[in-house]
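Below you'll find the structure, written out as structure tokens, and then a few comments.
Numbering (the working numbering), first residue to last: 10 to 148.
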């Protein structure tokens with residue numbers, strides 16, 4: 010699979026390109042992700058040095074906590090990124106990639122905070138908070 014990927018927001022005002030490997034898709038069920046998107050989030054990640062963002066003037070960052078921020082398009086509202094302030098990686102919403110993405114699911118995090126209106130029954134590993142390898146806000 011090609012290690013170059015591209016994607017955008019719904020209106021196309023913000024586009025991005027990544028180089029190199031992407032992490033498997035992690036589903037986050039925390040209340041912040043659910044409130045921002047209306048459901049749980051599906052995200053991969055890239056090293057900061059391996060992503061180029063076009064249309065950054067249309068990108069708005071919201072400081073959701075003291076340690077992380079969330080990036081979205083100010084024109085169409087598409088949620089695109091999650092960024093820990095101290096790490097050299099950026100989470101990218103899996104649904105924002107152009108097809109074929111080549112992505113595959115890896116695990117579920119913050120299942121202890123998931124919505125009460127759905128079940129997680131896909132057989133992927135589930136973590137009460139986060140996995141040992143993924144540093145998130147509040148950990």
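Beta carbons: idealized from backbone N, C-alpha and C, even for Gly.
request  = Have a look at the DSSP bridge pairing and note the partners of residue 152.
outcome  = The structure shown has nothing for residue 152, since the chain only spans 10 to 148.
key: Beta-carbon proximity list for residue 16, same chain, < 6 Å, skipping 5 on both sides   = Excluding sequence neighbours, residue 16 sits near 25, 105, 106 and 107.
Counted within 10 angstroms of its Cβ, other Cβ atoms place residue 127 as buried (16 or more) or exposed = Flag for residue 127 reads exposed.
Residue(s) in a DSSP beta bridge with residue 135 = Beta-bridge pairing links residue 135 to 117.
ask   = Which of the three DSSP states, helix, strand or coil, is assigned to residue 52?
value = In the three-state reduction of the DSSP assignment, residue 52 falls in the strand class.
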